[in-house]
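In mature numbering (1 follows the signal peptide of the UniProt record, and there is no 0), the protein residues as written are -29 to -1, 1 to 650.
The beta carbon of each residue, even a glycine, is placed where N, CA and C say it ideally should be.
Please read all numbers here as calculations on a predicted model, not as lab measurements.
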C-alpha cells in the first residue's frame, strides 16, 4: 500500500519577506489574474444534502500526482441519493474524466385534464466535462447557445465538438453524431471527452479502448489512461469478472428485470486507478496491465457482486480506498415504493438509497427517506398519485439530527405559470432553507427551475429568477449589512455596493467585445474600496495573449507619487518524460510558464525600465538537460539592478510531486538544476 507524505521535509527552510512581495509567486509560478469578487454561495449543507433538489451531493478527491497547477488529479462525485444512479448516461458515480455530449430531456410539461392528456418534452444538448454540466439550445442563427452562461460556447470543428469555457479553457469532444449540413434544434449531438486544453498549453488527454467513436455512441468503451503533457499519468485497471449475486440475495424476486451483470459492470467501472510520473516510468496507455518498478499511489473501488441488481436487494456497500489506505463507505439499502418505505416485501419494485456515509476521516452521516404523494385533478375527479420516491427527511451526524422538508415540484397545468418549491434543513451552522422557482416559457414543454433565496444561519442570498440566476444581493445577519452585485450584458461582475451606513463599493472594468476567451472575461481594472461621494483608485491589468496570464499590473499612485508596476514575461517550456514508445523525449506540445517578473524598488517604471535604475527582477527556473522533467518550479533568482547580491532559492521534489526541500537564498547554490533528478 502506498503511503503519501503529509509533510514537507524542508532541510533549509527560509521565508524571505520582501517589501516588494507583490512579485513573489507560489511554486506554481503562474498568475491567471486577480480574483473577481463574485459572490460565493452554497446549496449543499454540512450533511451533504443539496437543498435545491433534496439529493445527496458528495465529492471525493481520491488521487493526485504532481505539484500545484501542473498536478494531475482525480475525483468522483455522487449527485443523486444512491451511487448507482441507474438512469444516468454513465451509471455509477460521476467520474471526473467521463465527459460526454448527448441530447437529453431538459423539462416536460403536462396538462392531464385534457380529454386525451397533453405532454411535451423539451430536449437540449447537454455537455458534461470535468468540472460540471452546461445545457445548450440551437438558436435562430443555427448555432449552439448556452442556456445559462452566455460566455460558454460550443462549436462543431471538423470531427470534434469544442467547448470553450469562459476562462478560455477548451475541452475537446470526439463527435460520434453525423455532421449536420444545417444545425437545427432537432440535432442529436453525441460525443465523448478526449482533451482538456488550458490557456497556458497544459493539456490533459483521455485515452479510451478502441471502438469508442462508433457512430451514435458517447464513448462506449472504458477509459484506459489519462495523461498530461508534463508527464503525468492515471492508469485505469479493470477486474473484469462474472461473479454472481451474493448467496443471500439470489432468491430475491425484487426487480427481476434489473440484470445482475457483473461482467458488464466490471468492464466499465475500474477496480483501481494508479497515478504515475512518466518522467520516472510509464505504464501502457491502453491495455489492462501496469507492471511497475516503483511504488505509486493508487485508489481502489469496491462494488458488490451482481451489479446493478445487488443494489435493489437488501443492504449493499460501495467503498473507496484511497492512496493512504483510508476508506470511504457508502452504505445502501433497497427501499419500498409503497406504504412503509422501510418495510420491503419480496417482489416489489424497490429502489436504492444511501442510508449512511462514513468518510475517510471516520465521520458518519445517516439518512432517512419517505415517499411523497399529491392530489392530481383530472376532469371532474381527483386522484392520489405518487410524486417522488425516497425523498430525504432526516440526517444524523455526530449525534445531531437534522430534519428536511423538501417540497414537491408542483405540476403545471398550462403556461405561462410558475411553481415554487422550498426545502428546509437546519444543519448546525449550515443552510436553513432554499426556495426555488419553476417557470414555464415558450415553446410548450420548456421550463427552468432556479434557486432564488438561500437562507443560512448567517446570511440570506437573493438570486435573479431568470435562467441566468445571478446573485443580486446578500444580507449578512451577523453585522446587519446588505451587499448588492451588478453585471454587464455579458454577465460579468462590474460593481459591488454596500447598502448601509458603512457603504463601500468596488468597480470592475473589462474589454468590450470579446475577441479571445483567454482574456476577455478577466478584468482590465479593479477599484479599491471607496465610500459613496468619493472616487475609487484603480489597479490596471494587461494579459499575455497566448496564455491568458497576467502580463502587467499597475497599482494606484501612492502618497509619494510612485506607481508600483509589475511586468511579467512568459516562455514556452517542454516537459521531458517517457513516451508511449518507452523513449525519454520532449513533449509534443509546450506549456507557457512565467520566466521572469520585474518591478522598481523605489521609482516608477517606463517602457519596462526604472527611472532610478533600481529594477528588481525575479527569474524562474524549471530545469534543463536530458533527464525527466515535469516542469515543476525548481528555483527563483532575485537580483536588484546595481547590486551584486544574487538571492537564489531552490525547490526539490520527490517522484510524486511533493516538495521535499527548500534551500536558503544565501546557500551559495549556483544552479537549481543540480541534483533535480527524482530520488
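Check your understanding: How many angstroms separate the CA atom of residue 621 from the CA atom of residue 35?
Key -> Straight-line Cα distance between these residues: approximately 23 Å.
Check your understanding: Around the C-beta of residue 492, are 16 or more other C-beta atoms found within 10 angstroms, so that it is buried, or is it exposed?
Key -> Under this definition residue 492 is a buried residue.
Check your understanding: What residues in its chain sit with their C-beta under 8 Å from that of residue 9, if we drop five residues either side in the sequence?
Key -> 442, 456, 464
Review point. Which residue or residues does DSSP assign as beta-bridge partners of residue 422?
Key: 407
Point to revise | N-terminal and C-terminal residue of the alpha helix (DSSP H) that residue 236 is part of | key: 233 to 239
Practice item. Please report the Cβ distance between residue 48 and residue 64, rounded to the nearest whole angstrom; I am assuming they are in contact, meaning their Cβ atoms lie under 8 Å. Key: 7 Å
**Study point:** Pair within 8 Å by beta-carbon distance, residue 548 and residue 92
**Key:** no
Practice item. Name the two residues that bound the continuous beta strand (DSSP E) containing residue 57. Key: Here residue 57 belongs to no beta strand (DSSP E), and DSSP marks it neither H nor E.
**Study point:** Distance, residue 538 Cα to residue 609 Cα
**Key:** 15 Å
Point to revise | Bridge partners - residue 116, DSSP secondary structure assignment | key: BP columns for residue 116 point to 108.
Check your understanding: Are the CB atoms of residue 359 and residue 343 nearer to each other than 8 Å?
Key -> At the C-beta level, residue 359 and residue 343 come within 8 Å of one another.
**Study point:** Three CB pairs or more closer than 8 Å across the region 209 to 223 and the region 275 to 294
**Key:** yes
**Study point:** Local conformation of residue 632 per DSSP, three classes
**Key:** strand
Exercise for review: Pick helix, strand or coil for residue 415, following the three-state DSSP scheme.
Suggested key: Reduced to three states, the DSSP call for residue 415 is coil.
Point to revise | Local conformation of residue 548 per DSSP, three classes | key: strand
Check your understanding: Under a three-way DSSP split, which group does residue 79 fall into?
Key -> strand
Review point. Helix or strand or just coil, what does DSSP make of residue 469?
Key: Strand, per DSSP.
**Study point:** residue 283 (DSSP reduced to helix, strand or coil)
**Key:** helix
Point to revise | Pair within 8 Å by beta-carbon distance, residue 160 and residue 280 | key: Between residue 160 and residue 280, the C-beta spacing is not below 8 Å.
Review point. Can you name the start and end residues of the beta strand (DSSP E) that residue 248 belongs to?
Key: 243 to 248
**Study point:** Nearest-angstrom Cα separation, counted from residue 507 out to residue 531
**Key:** 18 Å
Check your understanding: Looking at the unbroken beta strand (DSSP E) that takes in residue 133, where does it start and where does it end?
Key -> 131 to 135
Exercise for review: Could you tell me which residues DSSP pairs with residue 163 in its beta bridges?
Suggested key: DSSP lists 71, 145 as partners of residue 163.
Review point. Would a C-beta distance cut-off of 8 Å place residue 498 and residue 509 closer than the cut-off?
Key: yes
**Study point:** Endpoints, the beta strand (DSSP E) within which residue 570 is located
**Key:** 562 to 571
**Study point:** Three-state secondary structure assigned by DSSP to residue 30
**Key:** Residue state, collapsed to three classes: strand.
Review point. Quick one: any contact between the region 25 to 42 and the region 515 to 529, if contact means 3 or more CB pairs under 8 Å?
Key: no
Practice item. Report yes if the CB atom of residue 324 is closer than 8 Å to the CB atom of residue 304, and no otherwise. Key: Contact flag set, yes.
Practice item. Report, in whole angstroms, the separation of the C-beta atoms of residue 121 and residue 597, which I expect to be a contact under 8 Å. Key: Between residue 597 and residue 121 the Cβ distance is about 48 Å, and since that is not below 8 Å, they are no contact.
Review point. So what does DSSP say about residue 126, is it helix, strand or coil?
Key: strand
Check your understanding: CA-CA distance, residue 327 and residue 335?
Key -> If I take the Cα positions, the gap works out to 7 Å.
Point to revise | Alpha carbon of residue 264 to alpha carbon of residue 645, nearest angstrom | key: Residue 264 and residue 645: Cα-Cα distance of roughly 25 Å.
Review point. Comparing alpha-carbon positions, which option in 226, 543, 256, 247 lies nearest residue 317?
Key: 226
Exercise for review: Check each candidate in 331, 586, 205 and name the one with the smallest Cα separation from residue 245.
Suggested key: 205
Check your understanding: Between residue 71 and residue 163, which are expected to be in contact by the criterion C-beta below 8 Å, what is the C-beta distance as a whole number of angstroms?
Key -> 5 Å
**Study point:** Buried or exposed by the 16-neighbour rule on C-beta atoms within 10 Å, applied to residue 223
**Key:** A residue is called buried when at least 16 other Cβ atoms come within 10 angstroms of its Cβ; residue 223 meets this threshold and is buried.
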